[in-house]
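For reference, each letter of the sequence shown is one residue, going 4 to 166 in the numbering used here.
Notes to accompany the following structure.
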Amino acid sequence: MFTLRPGDGPEEGKSDEHPVVLEGVQAVDFERLLALFYPRDVLTGDLTTLEHWTSVLALATKWEFEAHRALAIDRLSRLGSPADRIVLARAYDIPNWLEEAYYHLCVREEALTLEEGLKLGMEDVIVLAELRQRIRAHGLSWGYQLHEGTVRNTIRQKLNAQQ
Numbered sequence: 004m005f006t007l008r009p010g011d012g013p014e015e016g017k018s019d020e021h022p023v024v025l026e027g028v029q030a031v032d033f034e035r036l037l038a039l040f041y042p043r044d045v046l047t048g049d050l051t052t053l054e055h056w057t058s059v060l061a062l063a064t065k066w067e068f069e070a071h072r073a074l075a076i077d078r079l080s081r082l083g084s085p086a087d088r089i090v091l092a093r094a095y096d097i098p099n100w101l102e103e104a105y106y107h108l109c110v111r112e113e114a115l116t117l118e119e120g121l122k123l124g125m126e127d128v129i130v131l132a133e134l135r136q137r138i139r140a141h142g143l144s145w146g147y148q149l150h151e152g153t154v155r156n157t158i159r160q161k162l163n164a165q166q
């Protein structure tokens, strides 16, 4: 669009036959970003799901829209499960989500579900299994559950070792 001199070819964006092409951007993601600027519902906004806000986060990160990125991170922190937050933290460089998400997955009674494992990938599943085993083994050997600070420190050490 910006590399052509006027009159050198069809003008991008002037018609449906010659749209402005945004390389690597899906139309649905762009529509969701635009929903922030032009919402149908001004009071509550149009974006309500994890998928909606992930689209906004992806494009806000790509185009360095810091305020929109911060808003997407805030909304996703409330919408996403711990497994979702780990995946998003790794994909969009949100390191402060990792410890909290790992903590919730490590201290809960239930094992990871198949869906969570597939979402996280092999490396995170193995790290979580190791951390859960270590946390439970220490608790059993001492006859009590480990203190939250000790659990968080164990997770922090593991995450720092991965970097």
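No residue lacks a Cβ here, since even glycine has one placed at the ideal position from N, Cα and C.
- The continuous alpha helix (DSSP H) containing S80 extends over residues 69–82.
- DSSP places H55 in the helix class (H, G or I) of the three-state scheme.
- Excluding the 5 residues flanking it on each side, V128 has same chain C-beta neighbours closer than 7 Å at L115, G120, in chain order.
- Comparing C-alpha distances from G152 to each of N163, A164, I138 shows the shortest one belongs to I138.
- Under a 10 Å Cβ-count criterion, W56 is classified as buried, with 16 or more other Cβ atoms of the shown protein chains found around its own Cβ.
- Check the Cα spacing between P22 and each of D49, K65, E14: the tightest is with E14.
- Inter-segment contact for the stretch 37–55 and the stretch 65–83 is present: three or more beta-carbon pairs are separated by less than 8 Å.
- When beta bridges are read from the DSSP output, H141 appears opposite no residue.
- With a cutoff of 9 Å on beta-carbon distance, R93 and C109 are scored as not near each other.
- Under DSSP, H21 forms a beta bridge with S18.
- Under the three-state reduction of DSSP output, L50 falls in the coil class, being neither helix nor strand.
- Going by DSSP, A86 is part of the alpha helix (DSSP H) stretching over 85–95.
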